[in-house]
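Engineer: Encoded as structure tokens, here's the structure I'll be asking about.
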Amino acid sequence: MFISKETKKFILDHIDDDVFTLGFRASRYPEIDMPTAVVQIEGRQKAKSKLPSWYSNPDVVYPPHLALEQCSSETTAAYKAELVGGNTLVDLTGGLGVDSSCFAKQFDHVVYVERQERLCQLAAHNFVALGLHNIETVNADAIEYVQKMNPVDVIYVDPARRDSQGGKVFAVSDCEPDIVVINDLLLSKAHKILVKLSPMLDVYAAMQQLKYPWEVHIVSVGGECKELLLLLDRNNCDSVSIHCVNLNKISSQSFVFHRDEELSSVCYFTSVLSHYLYEPNASVLKAGAFKVLAVRFGIEKLHPNSHLYTSDKLVSDFPGKVFKICGYSSFNKKDLNLFLKGMKKANICVRNFPVAAAELHKRFHLSDGGNDFLFATTLQNGQHVIIRGEKIVMSSALRSD
Numbered sequence: 294m295f296i297s298k299e300t301k302k303f304i305l306d307h308i309d310d311d312v313f314t315l316g317f318r319a320s321r322y323p324e325i326d327m328p329t330a331v332v333q334i335e336g337r338q339k340a341k342s343k344l345p346s347w348y349s350n351p352d353v354v355y356p357p358h359l360a361l362e363q364c365s366s367e368t369t370a371a372y373k374a375e376l377v378g379g380n381t382l383v384d385l386t387g388g389l390g391v392d393s394s395c396f397a398k399q400f401d402h403v404v405y406v407e408r409q410e411r412l413c414q415l416a417a418h419n420f421v422a423l424g425l426h427n428i429e430t431v432n433a434d435a436i437e438y439v440q441k442m443n444p445v446d447v448i449y450v451d452p453a454r455r456d457s458q459g460g461k462v463f464a465v466s467d468c469e470p471d472i473v474v475i476n477d478l479l480l481s482k483a484h485k486i487l488v489k490l491s492p493m494l495d496v497y498a499a500m501q502q503l504k505y506p507w508e509v510h511i512v513s514v515g516g517e518c519k520e521l522l523l524l525l526d527r528n529n530c531d532s533v534s535i536h537c538v539n540l541n542k543i544s545s546q547s548f549v550f551h552r553d554e555e556l557s558s559v560c561y562f563t564s565v566l567s568h569y570l571y572e573p574n575a576s577v578l579k580a581g582a583f584k585v586l587a588v589r590f591g592i593e594k595l596h597p598n599s600h601l602y603t604s605d606k607l608v609s610d611f612p613g614k615v616f617k618i619c620g621y622s623s624f625n626k627k628d629l630n631l632f633l634k635g636m637k638k639a640n641i642c643v644r645n646f647p648v649a650a651a652e653l654h655k656r657f658h659l660s661d662g663g664n665d666f667l668f669a670t671t672l673q674n675g676q677h678v679i680i681r682g683e684k685i686v687m688s689s690a691l692r693s694d
């Protein structure tokens, strides 16, 4: 992709500038291709945290913002690449090419397929800029390509989750391409199919709709659920394992279970708060691993719908946040005034409680933030309580049991 030396230097010199202001001042820089510069500066600003290795490469070229917003982050793309390996992978929905760039480190040959010619051209340029020479770019429709292609080890597909009006869709059958319709076709071309879906999707509905599910990976980054991955294997006859993953810069958490475990587990509920409080991470909550979590770690649940747990002994490798309980109060106004006396700010979390966090901040006259954590929740006996906790920071390694 050709960008003049003058424009390229301008982009790097104004990398942190406001793009709207630059657009208005275009007449000051007649030698600069300002529309291109604005798109590239905006792209680099978005890539700084999402795609750090791309951001650090001055030769990478970015598309308009929509493709950049919809692409995987480097963190989640690298995680996906660790799930599969082999000789050849076909990425049927190439997009910006972030996923393909990570798969290229696990496969001898990657075929990037994209129906938008402009994105194909950008991806081909960027793969060379990134030193990835084992990726073949193909400008084609995904279904037409897969019908004609030779069998490969793995097919990856990230179907579009927007309808013709641009609105978001969450059902597997509403995505484009429709994986339910082409499920058999895909499995006739590869032993394994890796599908990326919206984290808003019903995990278990997707498992029922697609054939030969083998693994489900619910991936969160920094506590926010980002991706739902289904790995299909036509040779698999085992029950589906569900991997709840939370990726962080320093350490990561993983909790693995089977749906049958959750259905058959019996956990204990309590109205007595012990020394520690446990809040599961977003992936565990999305998976609905509520009873098996209690059984696996020997902790008690506060209420069937509260999804908070307590124990006397510290569980250091719990997949979520752990707090030392510093006290609690009923929701009685008099008790609360005494309990919150002197507190100016707090982080308020609501779990199975009739009042929203924003309203509690108002009622308690507390600003958001600080080191204090307040949990508004309901105990097993139906009592509404406010629990004060002190966060325990633990640098646990990736848990894979």
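Using the numbering used here, the first residue of the sequence shown is number 294, and each one after it goes up by one.
Just so you know, even glycine gets a beta-carbon here, dropped at the ideal spot from N, CA and C.
For lysine 485, write down the residues that DSSP places opposite it in a beta bridge.
Structural biologist: Residue 485 sits at position 192 when you count from the first residue of the sequence shown. Val447 and Asp526, per the DSSP bridge assignment.
Engineer: Check tyrosine 505 in the structure and name its three-state DSSP category.
Structural biologist: Start at 1 with the first residue of the sequence shown, and residue 505 comes out as number 212. Residue state, collapsed to three classes: coil.
Engineer: Would you list, in sequence order, the uninterrupted beta strand (DSSP E) runs of no fewer than 3 residues that lie entirely inside the segment 598 to 623?
Structural biologist: Runs found: 602 to 604 and 613 to 623.
Engineer: Output yes or no for whether 8 Å exceeds the beta carbon distance between valine 431 and valine 377.
Structural biologist: Position 138 of the sequence shown, counted from the start, is the residue given in the question as residue 431. Position 84 of the sequence shown, counted from the start, is the residue given in the question as residue 377. Result no, Cβ atoms of valine 431 and valine 377 do not sit closer than 8 Å.
Engineer: Which whole-angstrom value is the C-beta distance of isoleucine 325 and phenylalanine 303, which I expect to be below 8 Å?
Structural biologist: By 1-based counting over the sequence shown, the position of residue 325 is 32. By 1-based counting over the sequence shown, the position of residue 303 is 10. Yes, isoleucine 325 and phenylalanine 303 are in contact; Cβ-Cβ is about 5 Å, under 8 Å.
Engineer: Measuring CA to CA, which of Leu305, Ser346 and Lys341 is closest to valine 331?
Structural biologist: Walking along the sequence shown from the start, residue 331 turns up at place 38. Ranking the options by Cα distance to valine 331, first place goes to Leu305.
Engineer: Does aspartate 519 pass the burial test, meaning 16 or more other C-beta atoms within 10 Å, or should it be called exposed?
Structural biologist: For the purposes of this step, residue 519 is taken as the residue at position 226 of the sequence shown. Note that residue 519 is lysine in the sequence shown here, rather than aspartate. Lysine 519 should be labelled buried.
Engineer: May I ask you to report which of helix, strand or coil DSSP gives alanine 690?
Structural biologist: Position 397 of the sequence shown holds residue 690. In this predicted model, alanine 690 has a pLDDT of only 38, less than 50, meaning its place in the structure is not dependable; the value taken from the coordinates is given anyway. Reduced to three states, the DSSP call for alanine 690 is coil.
Engineer: Across which residues does DSSP place lysine 594 in a beta bridge pair?
Structural biologist: For the purposes of this step, residue 594 is identified with residue 301 of the sequence shown, where counting begins at 1. According to DSSP, which records beta bridges pairwise, lysine 594 is partnered with Phe562 and Tyr602.
Engineer: How close, in whole Å, do the beta carbons of glycine 662 and lysine 638 come, if the pair is a contact with beta carbons under 8 Å?
Structural biologist: Reading the sequence shown from its first residue, position 369 is the one you call residue 662. Reading the sequence shown from its first residue, position 345 is the one you call residue 638. That pair is a contact at about 5 Å.
Engineer: Thinking just about the alpha-carbon of each residue, which of Pro328, Leu524 and Arg411 is nearest to the one in aspartate 451?
Structural biologist: For this step, residue 451 is matched to residue 158 along the sequence shown. When each option's Cα is compared against that of aspartate 451, the closest is Leu524.
Engineer: Exposed or buried, what is glutamate 652 when buried is set at 16 or more other beta-carbons lying within 10 Å of its beta-carbon?
Structural biologist: Here residue 652 is taken as the residue at index 359 of the sequence shown, counted from 1. That one is exposed.
Engineer: Would you call serine 393 buried or exposed, if buried means 16 or more other Cβ atoms sit within 10 Å of its Cβ?
Structural biologist: For the purposes of this step, residue 393 is taken as residue 100 along the sequence shown, with counting starting at 1. Serine 393 comes out buried.
Engineer: Can you give the Cα-Cα distance for isoleucine 685 and isoleucine 428, rounded to whole angstroms?
Structural biologist: Stepping through the sequence shown from its first residue, residue 685 is reached at position 392. Stepping through the sequence shown from its first residue, residue 428 is reached at position 135. Rounded to whole angstroms, isoleucine 685 to isoleucine 428 spans 45 Å at the Cα level.
Engineer: Please say whether lysine 579 and valine 496 have beta carbons closer to each other than 8 Å?
Structural biologist: Your numbering for residue 496 matches position 203 in the sequence shown. Your numbering for residue 579 matches position 286 in the sequence shown. A contact, by the Cβ cut-off of 8 Å.
Engineer: Whose CA, out of Leu385, Gln409, Val421 and Leu425, lies closest to the CA of cysteine 395?
Structural biologist: Mapped onto the sequence shown, residue 395 falls at position 102. Taking only the C-alpha atoms, the option nearest cysteine 395 is Leu425.
Engineer: Which residue wins for smallest C-alpha separation from histidine 307, given the options Leu522, Glu335 and Pro323?
Structural biologist: One-based indexing of the sequence shown puts residue 307 at position 14. Checked all of Leu522, Glu335 and Pro323; the closest Cα to histidine 307 is Glu335.
Engineer: Which residues in the same chain have their Cβ closer than 8 Å to the Cβ of serine 689, if we skip the five residues on either side of it in sequence?
Structural biologist: For the purposes of this step, residue 689 is identified with residue 396 of the sequence shown, where counting begins at 1. A caution first: serine 689 carries a pLDDT of 43, below 50, which makes its placement in the model unreliable, though a value can still be read off. Hits under 8 Å: Ser544, Gln546, Ser609 and Asp610.
Engineer: So leucine 405 packs on glycine 387, CB below 8 Å; how close in whole Å?
Structural biologist: Counted from its first residue, the sequence shown places residue 405 at position 112. Counted from its first residue, the sequence shown places residue 387 at position 94. Before going further, note that residue 405 is tyrosine rather than leucine in the sequence given. About 4 Å separates the two Cβ atoms, so the contact holds.
Engineer: So what's cysteine 537 in DSSP terms, helix, strand or just coil?
Structural biologist: Translated into the one-based positions of the sequence shown, residue 537 becomes position 244. Strand, per DSSP.
Engineer: Quick one: residues in its chain with C-beta nearer than 6 Å to the C-beta of aspartate 694, no 5 flanking neighbours on either side, listed in chain order?
Structural biologist: On the sequence shown, position 401 is the one that residue 694 refers to. Legend: pLDDT at aspartate 694 = 38, less than 50; position of this residue unreliable, value from coordinates given subsequently. Answer for aspartate 694: no residue qualifies.
Engineer: By alpha-carbon positions, which one of Met500, Tyr561, Pro573 and Val421 ends up nearest to serine 532?
Structural biologist: What you label residue 532 is simply residue 239 of the sequence shown in a count that begins at 1. With distances taken between Cα atoms, serine 532 lies closest to Met500.
Engineer: When the Cα atoms are used, what is the spatial distance from leucine 691 to valine 588?
Structural biologist: One-based indexing of the sequence shown puts residue 691 at position 398. One-based indexing of the sequence shown puts residue 588 at position 295. With a pLDDT of 39 at leucine 691, under the threshold of 50, the predicted position of this residue should be treated as unreliable, and no value is reported.
Engineer: Could you give the first and the last residue of the continuous alpha helix (DSSP H) run that contains serine 393?
Structural biologist: As a working note, residue 393 is residue 100 in the sequence shown. Start and end: 391 to 396.
Engineer: Would the C-beta of leucine 344 count as close to the ligand ATP, meaning under 7 Å from any of its heavy atoms?
Structural biologist: Ligands are entirely absent from the displayed structure, and the ligand ATP is therefore not among its contents.
Engineer: Does the Cβ-Cβ distance between serine 491 and leucine 521 come in under 8 Å?
Structural biologist: Here residue 491 refers to the residue found at position 198 when the sequence shown is read from its first residue. Here residue 521 refers to the residue found at position 228 when the sequence shown is read from its first residue. Yes, the pair counts as a contact, with Cβ atoms nearer than the cut-off.
Engineer: Hey, leucine 412 and proline 356 are a contact pair by Cβ (cut 8 Å); roughly how many whole angstroms apart?
Structural biologist: In the sequence shown, the residue the question calls residue 412 occupies position 119. In the sequence shown, the residue the question calls residue 356 occupies position 63. So it is a contact: roughly 6 Å between Cβ atoms.
Engineer: Starting from the Cα of glutamate 517, find the closest Cα among Glu508, Arg527, Met493 and Leu503 and give me that residue.
Structural biologist: Counting from one through the sequence shown, the residue named residue 517 turns up at place 224. Residue Met493 is the option with its Cα nearest to glutamate 517.
Engineer: Using the C-alpha atoms, what's the distance from proline 597 back to methionine 687?
Structural biologist: As a working mapping, residue 687 is identified with position 394 in the sequence shown. As a working mapping, residue 597 is identified with position 304 in the sequence shown. Roughly 27 Å between the two C-alpha positions.
Engineer: Is leucine 385 closer than 8 Å to tyrosine 322 when the C-beta atoms are compared?
Structural biologist: For the purposes of this step, residue 322 is identified with residue 29 of the sequence shown, where counting begins at 1. For the purposes of this step, residue 385 is identified with residue 92 of the sequence shown, where counting begins at 1. In this structure, leucine 385 does not lie closer than 8 Å to tyrosine 322 by Cβ.
Engineer: If we count the other Cβ atoms within 10 Å of its Cβ and call it buried at 16 or more, is lysine 561 buried or exposed?
Structural biologist: As a working mapping, residue 561 is identified with position 268 in the sequence shown. Rather than lysine, the amino acid found at residue 561 in this sequence is tyrosine. When all chains shown are included, tyrosine 561 counts as exposed.
Engineer: Can you grab the Cα-Cα spacing for the pair arginine 337 / serine 567, in whole Å?
Structural biologist: Along the sequence shown, one-based indexing puts residue 337 at 44. Along the sequence shown, one-based indexing puts residue 567 at 274. Going by the C-alpha atoms only, they are around 48 Å apart.
Engineer: What is the residue span of the alpha helix (DSSP H) that leucine 382 lies within?
Structural biologist: By one-based count along the sequence shown, residue 382 stands at place 89. Counting along the chain, leucine 382 falls outside any alpha helix (DSSP H), though it belongs to the beta strand (DSSP E) covering 379 to 384.
Engineer: Return the chain-ordered ranges of every beta strand (DSSP E) run that is complete within the segment 328 to 389 and spans a minimum of 3 residues.
Structural biologist: Qualifying beta strand (DSSP E) stretches, in chain order: 379 to 384.
Engineer: Just curious, the beta strand (DSSP E) that glycine 663 is in, first and last residue?
Structural biologist: Your numbering for residue 663 matches position 370 in the sequence shown. Looking at the DSSP string, the run of the beta strand (DSSP E) that includes glycine 663 is 660 to 671.
Engineer: For the candidate residues Asp471, Leu659, Ser576 and Thr381, whose alpha-carbon lies nearest to that of proline 444?
Structural biologist: The count along the sequence shown starts at 1 and reaches residue 444 at position 151. Ranking the options by Cα distance to proline 444, first place goes to Thr381.
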